[in-house]
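Protein chains in written order, with the numbering used here: chain A, 1310 to 1505; chain B, 1310 to 1505. Backbone N, C-alpha and C define an ideal beta-carbon position, used for all residues, glycine too. Contents: one structure, followed by commentary.
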DNA sequence: TAGCACATGTAACTCGTTACATGATTTG
DNA sequence: CAAATCATGTAACGAGTTACATGTGCTA
């Protein structure tokens, strides 16, 4: 009964603090959602599997709705397999970038439309970069000490944040380069009509 | 009968030149494989769907084995939907980076083992970077003219290559930063023993 | 009182991976 | 002659998305 990657994502969250399935689903949008995602329909069955394997436990707390509200806690065994999994090299990821796939066929698109597409993508990267920069300012001012200690969860979170910052910068800059390459727009056949 | 992303990957390859299902499967490892991948068991059924939709045609050519060898060619309709798809913004991709997920739980790993993990990752990025640099040198010396014209397939391929170069550099540099952060290794409890 | 946040589940479907299956041609 | 390459398919399974289903408590 091997734990799935999603299981390790959930354990990674529960290793920081106990949460409900609902909380975990929310967390799969924002902190962890930057590098792994899942919907609630995946989370609840996965929690059941983790509990069957002895990696988490739950206690019933008061809450709304027709069913029990369950707060999940990681077990010692859960913490242990999580640490073991984290220390082993990740399997080479199969890249899936739909945007790059579009770029691969961009030569079929009129340069004007292509520029529109890239501008939108650049804006998206810029916005995400600013979002990360905001978070970075906050954690850097509030948790300076813990960010330096690699045995704190804050260190790990900060490391992933730095990666996000770096990624968005490189992606934005590449869009910038591509816009420049599209703007040059030599179109040899019409060179007599072009202004520059 | 909406064409899947894999379908557009295959059309993107066929828009450059006709190929067999086998050729396409190989291409899903190397040129396109850098940002999209698929195994032959996905490729063959997808080709049948594309043909049913009128986006590709095949002709039987001589070849080995118990079944016909088919060479697929993109149709005018196929070229058209491919260009339309490429011009429209990509749906925000759900990030799935198992390595970053491990980093998120790296605080549970002994710093010595953590450094080992990051060093291996850095080496992988460095190797991939050098591979891309080799390809870049080749295409830059052989196809300088076409690389400047955004209506050539060479331009599109080169744009994705530049993205690969930029990505690997940023990823390697981030590993470098993380190694530095792990090497500092303050371990406050032992501060009396530490040199700094 | 309408809508949203909280809270948990199942079902149907699509996408992707791994394994099963066959067989000719070329190269060592 | 053994192994790799060329070449095409199907089947079983797992992972992920979307839709279905239910119901409370708070706020506008």
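Asked                                                                                                                                                 : Found
Rounded to whole angstroms, what's the CA-CA distance from residue 1366/A to residue 1377/A? Just pull it up for me.                                  : 14 Å
Listing by chain order, which chain A residues have their CB less than 7 Å from the CB of residue 1418/B?                                             : 1392, 1395 and 1396
Check whether the Cβ atoms of residue 1330/A and residue 1356/A lie closer than 8 Å to each other.                                                    : yes
Near residue 1411/B, what residues of its chain come up, given a Cβ to Cβ distance below 8 Å and the 5 sequence neighbours on each side ignored?      : 1426
When you compare only the Cα positions, how much space is there between residue 1464/A and residue 1458/A?                                            : 6 Å
Between the C-alpha atoms of residue 1404/B and residue 1324/A, what's the straight-line distance to the nearest angstrom?                            : 22 Å
Can you tell me whether residue 1485/B is helix, strand or coil according to DSSP?                                                                    : helix
Would you kindly report the start and end of the unbroken beta strand (DSSP E) that includes residue 1379/A?                                          : 1378-1383
Which of the three DSSP states, helix, strand or coil, is assigned to residue 1369/A?                                                                 : strand
With DSSP run on the structure shown, which of helix, strand or coil describes residue 1328/A?                                                        : strand
Taking 8 Å as the CB-CB limit, is residue 1406/B close to chain A?                                                                                    : yes
I think residue 1472/A touches residue 1483/B, with their Cβ atoms under 8 Å apart; what is that distance to the nearest whole Å?                     : 5 Å
Within the continuous alpha helix (DSSP H) that includes residue 1443/A, where are the two ends?                                                      : 1420-1451
If we define contact as Cβ-Cβ less than 8 Å, is residue 1381/B a contact residue for chain A?                                                         : no
Grouping DSSP H, G and I as helix and E and B as strand, with all else coil, what is residue 1406/B?                                                  : coil
Closer than 7 Å by beta-carbon distance: list the chain B residues that pair up with residue 1412/A, in chain order.                                  : 1465, 1468 and 1469
For residue 1460/A, count the other beta carbons within 10 Å of its own beta carbon; 16 or more makes it buried, fewer makes it exposed. Which is it? : buried
Specify, as a first and last residue, the run of the alpha helix (DSSP H) that residue 1354/A falls within.                                           : 1349-1361
Taking the alpha-carbon of residue 1396/B as reference, which of 1429/A, 1390/A and 1393/A has the nearest alpha-carbon?                              : 1429/A
Name the chain B residues whose beta carbon is nearer than 9 Å to that of residue 1364/A?                                                             : The premise fails here: residue 1364/A is roughly 13 Å from chain B at the closest Cβ pair, so nothing lies under 9 Å.
Report yes if the C-beta distance between residue 1467/A and residue 1474/A is below 8 Å; otherwise report no.                                        : no
Which residues of chain A have a Cβ atom closer than 9 Å to the Cβ of residue 1428/B, listed in chain order?                                          : Within 9 Å Cβ-Cβ: nothing; residue 1428/B doesn't reach chain A, min ~10 Å.
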